[in-house]
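Comments concern the structure below.
Number of protein chains: 2
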Amino acid sequence: MRHSHQRNTILEAVRAKPVHPTAYQVFESVKEQIPNISLATVYRDLGQLADNGIINTIKKGNVVRYDGNTMIHQHFYCEECGSLFDQELFDEKFVFQLKTKIVHEIENFDLMLTGTCIKCKNNGDKLKC
Amino acid sequence: MRHSHQRNTILEAVRAKPVHPTAYQVFESVKEQIPNISLATVYRDLGQLADNGIINTIKKGNVVRYDGNTMIHQHFYCEECGSLFDQELFDEKFVFQLKTKIVHEIENFDLMLTGTCIKCKNNGDKLKC
DNA sequence: TAATAAATAGGAATCATTCCTGTTTATAAA
DNA sequence: TTTATAAACAGGAATGATTCCTATTTATTA
């Protein structure tokens, strides 16, 4: 990969956002610094960064989200408010042991939990009173 | 849900296919029996069947696949040949215990493993000789 | 048998993502 | 420093899975 101002700015934008932004959200964020950046460039660069293991991708619904945290971790998605949280459930060691139990060669271990987050659950309970 | 010939045929098609068919694959299959079935009908009925817990959905890439097996199980996707296998790794009991460790209310536990399946791996090794 | 709400076919619309093309830029060799 | 060239880019068109829309048909219940 050659040095690129756009790609650096894109990487910074992903790392700055703990919300796991979509490509479009990264586009909007980077636009503040590079007004005429192209959405296609954002997609291309995010793809390159992911291919090189510099960022991770998370799929939820029909959109891809990008995650600057490359440590092994899992995610929780709240169906009520749409928030996507990091969820530490299995560590690297556990995942490594699991891989040895499977005949296939595992590259990725993607766990997505969905449900209602604690905040929404409490709000829901209140409304029911 | 009212009785519907189309929906029944669609459900049979999903259950008959161990490959976890996409909506379009179900459409093609059902077309043999109901030639003028609409793709929109297939999508609508698959959605209803999933909403009622009669079938499950699996997301891989940008397509949804449908699974007639409603028991708790996980999936492995081979990046080489595109096959999607059932993978029993965590049983219902284990998943239940995990849920108690999390503050949020968990409804779904979706694990997708990706990599190279044993068959493709062996083929690859041969080619390298 | 009639009323009616669910289900349907077919096509249009949506939207995230990828592709295409002519132009610009980073890098390395001359 | 200049030149060559392949990567990166902007902007817009294309793609493809899925959903929406509307007029028509069908299952169910009174």
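Chains as they are written, first to last, in the working numbering: chain R, 615 to 743; chain A, 615 to 743. Even glycine gets a Cβ: it sits at the ideal position worked out from N, Cα and C. These numbers were taken from a predicted model, which means no experiment stands behind them.
Taking 7 angstroms as the line, does the beta carbon of A/N666 fall inside it for any heavy atom of the ligand HEM? Ligands displayed in this structure: none; no statement on the ligand HEM is therefore possible.
For A/S643 and A/K707, the rounded distance between their alpha carbons: 36 angstroms
Integer Cβ distance of A/I680 from A/L660, believed to fall under 8 angstroms: The question names Ile, yet the displayed sequence has Tyr at residue 680 of chain A. Rounded to whole angstroms, the Cβ separation of A/Y680 and A/L660 is 6 angstroms, and the two are in contact under 8 angstroms.
So what does A/C734 bridge to, in DSSP terms? None, per the DSSP bridge assignment.
From R/K673, R/K733, R/V640, pick the residue whose C-alpha is nearest to that of A/V717; which is it? R/K733
Starting from R/D659, follow the alpha helix (DSSP H) in both directions and report where the run begins and ends. 653-665
Residues, ordered as in the chain, of the segment 714-739 of chain A that lie near chain R by beta-carbon distance below 8 angstroms: Those residues of the segment 714-739 of chain A that come within reach of chain R (Cβ to Cβ, closer than 8 angstroms) are K715, I716, V717, H718, E719, I720, E721, N722, F723, D724, L725, M726, L727, T728, G729, T730, C731, I732, K735.
Between A/Q647 and chain R, is any beta-carbon pair separated by less than 8 angstroms? Output row for A/Q647: interface = no.
Report buried or exposed for R/R621, applying the criterion of at least 16 other Cβ atoms within 10 angstroms of its Cβ. buried
Which of the three DSSP states, helix, strand or coil, is assigned to R/K707? Here DSSP, grouped into helix, strand and coil, assigns R/K707 to helix.
Here's a check: name, in chain order, each residue in its chain whose Cβ is nearer than 7 angstroms to the Cβ of A/E693, leaving out the five neighbours to either side. For A/E693, where only same-chain residues beyond five positions count, the Cβ hits under 7 angstroms are T728, G729, T730.
Identify the continuous alpha helix (DSSP H) that holds A/I624 and give its terminal residues. 619-630
Coil, strand or helix - R/V678 by DSSP: strand
Exposed or buried, which one is R/A654 when buried takes at least 16 other CB atoms within 10 Å? exposed
Straight-line CA distance for A/V656 to A/E646? 14 angstroms
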